[in-house]
Amino acid sequence: MKNRLFIFLFLLILVFPSFVPAQNNSIDNLLFSMTVKDLNELGKEELNSLAESGDWLLLDGSIAGMTLYSGKDEEYLLDVLLMQGEWMGLEEVRKYDCHLIFQGEKWREIIPDKTPRKPAPGQILLNARVLVLAQVLGYEEGEEGLVCYLMVDQIRELP
60 MKNRLFIFLF LLILVFPSFV PAQNNSIDNL LFSMTVKDLN ELGKEELNSL
110 AESGDWLLLD GSIAGMTLYS GKDEEYLLDV LLMQGEWMGL EEVRKYDCHL
160 IFQGEKWREI IPDKTPRKPA PGQILLNARV LVLAQVLGYE EGEEGLVCYL
210 MVDQIRELP
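This is the structure:
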C-alpha cells in the first residue's frame, strides 16, 4: 500500500503539476489511501459521510463503459464506468467499479462518448487506464451491493 501511495504522490507532483481541484484549489482534504475497491466495501453511512465531507479522492482504474445521458442540444452529461480488478488465488478475478460523472461542455472533447475515427491528441477513450480526481456524489443499491457515483474534476490518462 505504501508503494501505491508513493506512485500516486510521484504522479501527482511530477507528472501532473496542474492536477489540483479547480473548485476548491486546496488539497487539504485529499484522500490518497482510498481505492475503487475501498469504495465498493463501504456502507451507506460511510458513503454518505464522504459525500457530505466533500473529500477529494484520487483513483486509478480502467474505463470499462460509457453512457451518454444528454441529448443533442443539452449540456454534456456522461456516465463512465471505472473498473479495477484483483486476483483471488489463481482461479478467480474480483472486479471493483464505480461510476464517474462528467458534466459540462468542457468534457465533450476530452472524453467523447464514442470513439472517433481519428482521435485527437489528449482524448481519453474506452479502455484507457486513468487517474481521476473526484468527489462522491452518492450511491445506489445494485445487484452486487452499493454502487458509488463520483463527480469528476480532473482526469489524466496513465501511460
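In terms of this note's numbering, the sequence shown is residues 60 to 218.
Where is the CB? At the ideal position from N, CA and C, for every residue including glycine.
Here the structure is a predicted model, which is why all the values come from computation and not from measurement.
Counting along the chain, where does the alpha helix (DSSP H) carrying Glu199 start and finish?
Walking along the sequence shown from the start, residue 199 turns up at place 140. Looking at the DSSP string, Glu199 is not in any alpha helix (DSSP H); the run it does join, the beta strand (DSSP E), is 188-201.
Where Leu98 falls: helix, strand or coil (DSSP):
Here residue 98 refers to the residue found at position 39 when the sequence shown is read from its first residue. It is helical.
Spatial distance of Leu127 from Asp212 (CA atoms):
Counted from its first residue, the sequence shown places residue 127 at position 68. Counted from its first residue, the sequence shown places residue 212 at position 153. Each residue's alpha carbon lies about 18 Å from the other.
I think Leu117 touches Leu89, with their Cβ atoms under 8 Å apart; what is that distance to the nearest whole Å?
For the purposes of this step, residue 117 is taken as the residue at position 58 of the sequence shown. For the purposes of this step, residue 89 is taken as the residue at position 30 of the sequence shown. Between Leu89 and Leu117 the Cβ distance is about 6 Å, and since that is below 8 Å, they are a contact.
Straight-line Cα distance separating Arg153 from Met147:
To locate residue 147, count along the sequence shown from 1; it is residue 88. To locate residue 153, count along the sequence shown from 1; it is residue 94. Met147 and Arg153: Cα-Cα distance of roughly 7 Å.
Just the C-alpha distance for Glu164 and Glu134, rounded to the nearest angstrom, thanks.
What you label residue 164 is simply residue 105 of the sequence shown in a count that begins at 1. What you label residue 134 is simply residue 75 of the sequence shown in a count that begins at 1. About 6 Å.
Taking 8 Å as the CB-CB cut-off, is Ala110 touching chain D?
In summary, chain D is missing from the structure at hand, where a single protein chain is found.
Using a Cβ-Cβ cut-off of 8 Å (strictly less than) and excluding sequence neighbours within five positions of Leu205, which residues of its own chain qualify?
Here residue 205 refers to the residue found at position 146 when the sequence shown is read from its first residue. Only Asn99, Leu101, Gly102, Lys103, Leu106, Tyr198, Glu199 meet the Cβ criterion.
Three-state class that DSSP yields for Arg167 in the structure shown:
Here residue 167 refers to the residue found at position 108 of the sequence shown. In the structure shown, Arg167 sits in a helix (DSSP, three-state: H, G or I).
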